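Remarks on the structure that follows.
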Amino acid sequence: MFQAEKGANAIPGYTGFIPSQDYDQDLLQIQGNRNHIPNYAGFVPGIKSENLFGKTFGKITLLSTTHEHHRGSDLPADIRYKSEVKEAYCDQRDQRGRDINLYGKLDPETSKALAYTLSNLTHFEQTNTLPKRSDSKDRQSNLTYEEALQKLK
Numbered sequence: 101m102f103q104a105e106k107g108a109n110a111i112p113g114y115t116g117f118i119p120s121q122d123y124d125q126d127l128l129q130i131q132g133n134r135n136h137i138p139n140y141a142g143f144v145p146g147i148k149s150e151n152l153f154g155k156t157f158g159k160i161t162l163l164s165t166t167h168e169h170h171r172g173s174d175l176p177a178d179i180r181y182k183s184e185v186k187e188a189y190c191d192q193r194d195q196r197g198r199d200i201n202l203y204g205k206l207d208p209e210t211s212k213a214l215a216y217t218l219s220n221l222t223h224f225e226q227t228n229t230l231p232k233r234s235d236s237k238d239r240q241s242n243l244t245y246e247e248a249l250q251k252l253k
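Each residue of the sequence shown is one higher than the one before, starting from 101 at the first, in my numbering.
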C-alpha cells in the first residue's frame, strides 16, 4: 500500500501546502537544544516559597540539595525578619533608644527632631523672606528711550 512521507493524512497526488513540521507531536517528548536553565528539571526537593528568600536560583538549589537550610514554619528571628532591603532586622526598641539619646526627649521646646517639622516652617511669622524694597515706587521712569540714551552718553 502507498505510504506517505509527511504523515498518514497526506492525500496522494496533492500538490498544495504541506507543512514542514508535524505540529501534532508531543513537544515534551522531543529532546533537543532548548534555552533553559541547565540541569533544571522543574522540581528541586526542599524548596518552598516560604523558607528560602532573596537568593539566586543556584544558591537556593545548593542549600536545598545539601540540606543546609532551616526547615519548618518556626523560623528563628535572624531568618524570619530578613527582607529585600536589609539582611538583618533592626530592633525598633533599640533604635528608639538611640534616637532619644541623639535628639533628646521628644518635646517641642527642646527637641532637635521636631525643630524642622512642616508645621513649624509654614507659619508666616517664621518665614525668612527678604523685606519689601522701600524704593519700589521710585523705580519707574518717565523718560523716553531717546532721553535715557542721551543721559548715558
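Note that the Cβ used here is the ideal one computed from N, Cα and C, for glycine as well. Since we're looking at a predicted model, the values are computed, not measured.
| How close, in whole Å, do the beta carbons of H170 and I179 come, if the pair is a contact with beta carbons under 8 Å? | Taking 8 Å as the upper bound for CB-CB distance, H170 and I179 are in contact here, some 6 Å apart.
| request: In angstroms with no decimal places, state the Cα-to-Cα distance between K159 and I118. | output: Rounded to whole angstroms, K159 to I118 spans 48 Å at the Cα level.
| query | Three-state secondary structure (DSSP) at K155? | reply | Three-state DSSP puts K155 in coil, outside helix and strand.
| task | Can you grab the Cα-Cα spacing for the pair Q195 / A177, in whole Å? | result | Using only the alpha carbons, I get a separation of about 17 Å.
| Grouping DSSP H, G and I as helix and E and B as strand, with all else coil, what is D174? | Residue state for D174 is assigned as coil, using DSSP reduced to three classes.
| request: Pick helix, strand or coil for K251, following the three-state DSSP scheme. | output: The three-state reading of DSSP puts K251 in helix, counting H, G and I together.
| request: Note down the Cα distance separating N242 from L249, rounded to an integer number of angstroms. | output: When only Cα atoms are considered, N242 and L249 end up about 13 Å apart.
| task | Quick one: grab the DSSP three-state call for E246. | result | Looking at E246 - three-state DSSP - the assignment turns out to be helix.
| request: Check S164 in the structure and name its three-state DSSP category. | output: Reduced to three states, the DSSP call for S164 is helix.
| query | Among residues of its own chain, excluding the 5 on either side of L252, which ones have a beta-carbon nearer than 6 Å to its beta-carbon? | reply | If we look at L252 and ignore the five residues flanking it on each side, it has no Cβ neighbours.
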